[in-house]
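Residue numbers (this note's numbering): 85 to 1027. Structure record follows, encoded as structure tokens.
Here it is in structure tokens:
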């Protein structure tokens, strides 16, 4: 391309016939211009060269110092996480004790004060951390069951002890946070995205790392946070020239991370939000309020189209308001996810102050000399320079691209011929220049599209020429090899430099087996047995390499495509492992089934032996054993057959009711329906129609998936006969005792009274003596009667009142069981007649005995209430109860006895019960009536 200076030089260099004007004007002007221009040019260039050298060295040193210090600064939180992960793995730090973790993190935070937060989140969604808030306050932050999974903030003292609640917090689920899920998924330490602190006054970036125990079990995720403002403070402490600045930009998004200016890396959202963290947001570097940061960012974006295109260190310069600025751009990356750009900007004025003074002085002197020389020359040569000036004006217009302007000199001398030549040249240049612009634009668009297409392909594409020089690589190639791509490297060194190994071995790929060697030899190859090895991972690849021929069939290029097949290899390994595990599980299950079959056979043999032993025991017992299901006899023993007068073979299949006396069948059927377990008495029916009293002990059990009832039946005829004989003997004894005492005494009293009645009219003295003798005999008979009654009175009442008697009786009866006894006395005890107290005690004993035998109660309440109008006894249990409508008092001896005793002493008896609701017995005694009887009885006793 030609510019206006080129056109002018071309115009002046045309071969023309020298004339007087030319000889006088041009040499004179050229000499002056040459001297002035050379002087100014050398002065400017020397100064600029010095500035460039200084700026290059300074920017390089500053950027390297920023990179080194930034790397050290950012390595601190990762090192904290690694140390804590090692402590957890070695068992030195108990992650289950959150209190220990709280003090441990607090102590670490005081040592590493550049870190804003150190914490840990376990797999149970619990979180604990120590944090320096942006306002400088030390806090403990916790989330878990105690906080209902709200992120609660506690104030602390200097020792790390909680002193109060600063913020009750909002719901906080760690397992929905990227800093928790991403390191677990990738199984390595990572950096999080930049996010706003929940105080809404700072931006944070989090370093997180998964923590495992000795067995490799995941314990949770360790967290160390940095306040981006601290990175800005770190940049401010670096001296960058006089007015230079440095800032850090995210390479992918272009957002400002930190700056050495006073500008904060976030702005207000101007939104009313319940969450403070939603009130601020980061912004792009091109939107910065700082002029240098904004103009520099826009220049880099315009030059490279986008920040992520900057893949290497760059030294550039541009102007702000006409002032030159030097730029050093340095990519900053690590293997944990950071991808930043460090930008250092230094104005040229920081270096050019002294040089500019000398340059200005030289320029002023040169200009002064030029003005003087030109003025003298113009005065001398003005009258001969007019045509030359016209020619110069036209040439400059052409040089500036004003093609429509032409030189109009109507002369036939050298200047006229020169004007015609210039006009012809302008026409030709205008046409060629237009053609070149169109071709350059089309070529540039084509190259840009091709590069974009190849860079967008997610596989590695590289092209080598026939000599082995690297001609082209796309972006995926750089990511695959992870080292600098060299333009040329010997075949013998390719595998070692790029770490190309034969898959599954520690052997480098031989040079003669490299795909590129085959393709440059004219062969197409397709292999999948190679892998690239990086320090922290291995990438298996599938390689296709093919030659590209020219028209003559000669290899001019070799095209190589590498595809990352890591996921495919993983899938193949998972499939192989699954097949192996499935085969092992089938084998284990087969062995397990064989063991189960053998165990079942052994269990069947043992069961058969157990049934045989049970049969022998049942046959040997003196009690009848009956096994029934839903009232049908399933099995029994020989004793049962003999007891009821049947053959053993006749009994199986008969109904239980066939062996029960008709008046007791409803009672027995109620026991069977309710599943009642325990001891009860009934009357059994034999085959010949005879009956006998029996005691039955029943138990419900599960046998081979069926619910059966096993009952032991005992004939208690002898026991009942013994009880009746005892009662009859006691009655005879009492009759003899009464006859020998009361009857004889009362007979003598009657005789004395009859005699006294006859002597009243004849001999008063004898009559009085007879009456006195009769009274003494009556007292003696009364004493004997009391002695007899006392002999019948319960021993429990002899040792205390009725309340203590019932309490002792219940305690003695239920002490071997788990039944809870609750005794309660209401009111003040007053005396009742001995007969009432005795019968009241017997009713209570019968109620407690029934509860013991049948109720299977967990709790029994005994309440004795002495009120002014009446005395009441209440006994209630929470046992299984019974249906009052299905029980006859006549057929239940215990209920009959209680009813007769209540009727005998003239009290009201109430019995309430229902299945599953327990039983309640209440006795109401007329307190005033029986208290009066007791009082009169006491007076008689006193007499």
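We treat Cβ as the ideally placed atom computed from N, Cα and C, and that holds for glycine.
Check	Outcome
Same chain only: Cβ atoms within 7 Å of residue 1008, ignoring 5 sequence neighbours per side	954, 956, 991 and 992
Residue 316 - containing alpha helix (DSSP H), residue span	312-320
Alpha-carbon spacing of residue 147 relative to residue 431, whole angstroms	15 Å
Pairwise C-alpha distance: residue 867 and residue 1027	At residue 1027 the pLDDT is 43, less than 50, meaning the model places this residue with poor confidence; the figure from the coordinates comes in the next sentence. Cα-Cα distance, rounded: 11 Å.
Exposed unless 16 or more other CB atoms sit within 10 angstroms - verdict on residue 979	buried
Given 8 Å, three or more beta-carbon pairs between the segment 300-313 and the segment 164-181	yes
Strand pairing of residue 785, partner residues [DSSP]	792
Host alpha helix (DSSP H) of residue 725 (start-end)	722-728
Neighbour-count burial assignment, residue 858, 16 or more Cβ in a 10 Å radius	buried
Own chain, CB closer than 8 Å to residue 968, minus 5 neighbours either side, in chain order	995, 996, 997 and 998
Selected residue, minimal CA-CA separation from residue 532, among 558, 775 and 846	558
Environment of residue 899 [buried if 16+ CB atoms lie within 10 Å]	exposed
Whole-number beta carbon distance between residue 213 and residue 201, since they are thought to touch under 8 Å	5 Å
Length of the line joining the Cα atoms of residue 399 and residue 136	11 Å
Collapsed DSSP secondary structure at residue 593 in the structure displayed	coil
7 Å Cβ cutoff met for residue 333 and residue 369	yes
Cβ contact (3+ pairs, closer than 8 Å) linking the segment 907-914 and the segment 940-952	yes
Paired residues, beta bridge with residue 630 - DSSP	643
The segment 186-205 / the segment 306-325 touching (three or more Cβ pairs under 8 Å)	yes
8 Å contact criterion, which residue 792 and residue 777 should meet: CB distance rounded	Between residue 777 and residue 792 the Cβ distance is about 26 Å, and since that is not below 8 Å, they are no contact.
Status (buried if at least 16 other CB within 10 Å, exposed otherwise) for residue 675	exposed
When 652, 628 and 637 are compared against residue 643, the one with the closest alpha-carbon	628
Three or more C-beta pairs below 8 Å linking the segment 536-553 and the segment 631-651	yes
Whole-angstrom distance between residue 860 and residue 761, CA atom to CA atom	60 Å
Assigned secondary structure, residue 252 (DSSP; H/G/I helix, E/B strand, else coil)	coil
Residues bridged to residue 286 [DSSP beta-bridge criterion]	Answer is none; residue 286 lacks a bridge partner.
Beta-carbon gap between residue 175 and residue 275 smaller than 7 Å	no
Beta-bridge pairing of residue 209 - partner residues as DSSP gives them	Looking at the DSSP assignment, residue 209 forms no beta bridge with any residue, so it has no partner.
Close-in-space but distant-in-sequence residues of the same chain around residue 419 (CB under 7 Å, 5 per side omitted)	620
Reduced DSSP category for residue 762 - H, G, I as helix; E, B as strand; rest coil	strand
Separation of residue 654 from residue 313, as counted between CA atoms	43 Å
CB contact flag (residue 614, residue 584, <7 Å)	yes
Test item: CB-CB of residue 363 and residue 353 under 7 Å	yes
Own chain residues within Cβ distance below 6 Å of residue 885, not counting five before or after	913
Nearest-angstrom Cα separation, counted from residue 987 out to residue 1010	13 Å
Residues bridged to residue 415 [DSSP beta-bridge criterion]	425
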